[in-house]
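Mapping to UniProt numbering: the sequence shown position 192 is 192, numbers consecutive.
Note that beta-carbon positions come from the ideal geometry of N, C-alpha and C, so glycine has one too.
What you are looking at is a predicted structure, and each value in this text was computed from that prediction instead of being measured.
Okay, structure first, notes after.
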Amino acid sequence: MSSRTDSGSSSLRHGVELTAYLVNESRARMPDLAGDETARAWIPETDRPAVRDLWDEYADTVYPHDDLVVSLRRRRVFEALAAALREDPDTVLVECGAGFSSYPWQLPFTTALGIDLPRIAEAKGRRIAELVEAGVLPERDVRLLTADLSSTAAIDALADTVREVAAGRPVAFLVEGMLYYLPPVAARALAGLGSRFGTKTVTIITYWPDFAESNRVLAKQRDWFRDRSIPEDATYFARGELPSLLGEAVDDQGPDDLQQRYMGAVSVPEDDLIPEYVAVTPFKAAP
Numbered sequence: 001m002s003s004r005t006d007s008g009s010s011s012l013r014h015g016v017e018l019t020a021y022l023v024n025e026s027r028a029r030m031p032d033l034a035g036d037e038t039a040r041a042w043i044p045e046t047d048r049p050a051v052r053d054l055w056d057e058y059a060d061t062v063y064p065h066d067d068l069v070v071s072l073r074r075r076r077v078f079e080a081l082a083a084a085l086r087e088d089p090d091t092v093l094v095e096c097g098a099g100f101s102s103y104p105w106q107l108p109f110t111t112a113l114g115i116d117l118p119r120i121a122e123a124k125g126r127r128i129a130e131l132v133e134a135g136v137l138p139e140r141d142v143r144l145l146t147a148d149l150s151s152t153a154a155i156d157a158l159a160d161t162v163r164e165v166a167a168g169r170p171v172a173f174l175v176e177g178m179l180y181y182l183p184p185v186a187a188r189a190l191a192g193l194g195s196r197f198g199t200k201t202v203t204i205i206t207y208w209p210d211f212a213e214s215n216r217v218l219a220k221q222r223d224w225f226r227d228r229s230i231p232e233d234a235t236y237f238a239r240g241e242l243p244s245l246l247g248e249a250v251d252d253q254g255p256d257d258l259q260q261r262y263m264g265a266v267s268v269p270e271d272d273l274i275p276e277y278v279a280v281t282p283f284k285a286a287p
């Protein structure tokens with residue numbers, strides 16, 4: 001996270017980890033829409049200029065609306081997680097691709113698991129300790145795990161871990177901002193993993209629909225990714241396959257829907273955005 005560490009500074013320039021910094025800056029730019037007043041705290045002020053420069057470079061090269069897309073996504077996820085807690089306050093949060101998210105501190109989950117790549121998990125762990133000590137974040141039972149979820153073996157192991165930690169409690173299973181970076185088989189295995197927890201589960205995923213493969217913004221992003229050692233190949237989901245993966249009654253909304261929901265109108269059409277969709281299942285008992 002910090003330029004004071006080799007892992008942090010390199011994460012700002014190369015590899016899929018840098019997307020965690022872009023997402024954080026996007027949330028920090030629209031905290032009211034995102035519903036994330038703590039977003040800015042995750043990056044120390046001494047390091048914020050480097051993150052801001054990275055975001056500006058991305059905006060100039062790819063598109064200037066990542067703050068809108070990420071904040072809409074975050075708002076919908078937060079709303080779904082809050083609804084799960086209202087239904088069952090003992091719900092365990094499981095976040096894949098957690099990045100620098102604030103959900104476990106903004107919502108009173110009794111237990112949360114955050115799964116991410118090693119450099120991001122390590123950076124977040126250090127910053128959590130600093131922010132708790134400073135009184136910015138409350139104490140929470142948040143357990144950070146490292147895993148490469150491009151491997152189906154790692155996904156199988158995660159299912160075992162979640163069952164052990166949840167111990168029969170309900171689970172809110174969130175896969176945010178990462179399915180498109182995984183190989184197709186792993187992406188689909190992870191998206192449908194909630195059915196293997198053996199307990200009441202709500203699944204929330206964010207994904208790119210298959211019709212977005214020709215999206216001009218994503219084409220620019222592929223070029224930008226290629227220069228930064230981020231895999232440019234992406235996995236897309238057909239919206240029609242979601243019921244078989246996630247459940248019969250999936251609530252599935254894209255940028256136009258989310259702008260109408262939270263802003264009352266579409267300010268930027270979906271064709272000019274990265275078309276990230278958010279799908280939410282009912283909070284249902286184990287099959």
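Nonlocal neighbours in the same chain, by C-beta distance under 6 Å from residue i, ignoring five residues either side
i	result
residue 66	26
residue 251	280
residue 238	210
residue 98	114, 116
residue 6	Since pLDDT at residue 6 reaches only 36, below the 50 mark, its modelled position is unreliable, and no value is offered.
residue 221	62
residue 148	154
residue 286	198, 199
residue 91	84, 85, 170, 172
residue 174	95, 204
residue 35	75, 78
residue 80	204, 280
residue 187	179, 235
residue 208	180, 236
residue 102	36, 38
Beta-carbon proximity check, residue i vs residue j, cutoff 9 Å
i	j	result
residue 89	residue 110	yes
residue 203	residue 246	yes
residue 114	residue 95	yes
residue 224	residue 62	yes
residue 256	residue 270	yes
residue 146	residue 117	yes
residue 201	residue 283	yes
residue 142	residue 170	no
residue 228	residue 18	yes
residue 119	residue 194	no
Sequence-distant residues of its chain with Cβ nearer than 8 Å to residue i (five each side left out)
i	result
residue 33	68, 71, 72, 75, 262, 263
residue 267	68, 259
residue 132	138, 139
residue 369	Residue 369 is absent from the structure shown; the chain starts at 1 and stops at 287.
residue 58	22, 66, 224
residue 226	232
residue 244	none
Sequence-distant residues of its chain with Cβ nearer than 7 Å to residue i (five each side left out)
i	result
residue 10	Reliability fails at residue 10, whose pLDDT of 45 lies under 50, so the model's placement of it is uncertain and the value that follows must be treated cautiously. Within the same chain, residue 10 has no close Cβ partners at all.
residue 4	Any reading at residue 4 needs caution, since the residue's pLDDT is 35, under 50, leaving its predicted position unreliable; the model's value is listed next. Closer than 7 Å at Cβ, skipping near neighbours: no residue.
residue 254	270, 275, 277
residue 82	107
residue 150	182, 183, 186
residue 249	282
Nearest-angstrom beta carbon gap, residue j and residue i [assumed within contact, 8 Å]
i	j	result
residue 121	residue 144	5 Å
residue 189	residue 155	5 Å
residue 211	residue 166	About 35 Å separates the two Cβ atoms, so there is no contact after all.
Checklist entry - Can we say the stretch 177 to 192 touches the stretch 232 to 246, given the rule of at least three CB pairs closer than 8 Å? => result Judged by pairs of C-beta atoms under 8 Å, the stretch 177 to 192 touches the stretch 232 to 246, as three or more such pairs exist.
Checklist entry - Where in the stretch 182 to 212 do unbroken runs of the alpha helix (DSSP H), each at least 4 residues long, occur, reported from the N-terminal end onward? => result 184 to 191
Next on the checklist: Taking contact to mean 3 or more Cβ pairs, one atom from each stretch, closer than 8 Å, check whether the stretch 272 to 279 and the stretch 214 to 232 are in contact.
Outcome noted: yes
Checklist entry - When the Cβ atoms of the stretch 14 to 25 are set against those of the stretch 35 to 52, are three or more pairs found closer than 8 Å? => result For the pair of segments examined, the stretch 14 to 25 was found to touch the stretch 35 to 52: the number of CB pairs separated by less than 8 Å reaches three.
Checklist entry - In the stretch 149 to 176, which residue ranges form an unbroken alpha helix (DSSP H) of at least 4 residues, counting only runs that do not cross its ends? => result 152 to 166
Item to check | Ranges of the beta strand (DSSP E) found wholly within the stretch 107 to 155, counting only runs of at least 3 | outcome: 112 to 116, 142 to 146
Next on the checklist: Restricting to runs no shorter than 4 residues, where is the alpha helix (DSSP H) found entirely within the stretch 21 to 68?
Outcome noted: Counting whole runs of 4 or more residues, the stretch 21 to 68 contains the alpha helix (DSSP H) stretches 31 to 34, 48 to 61.
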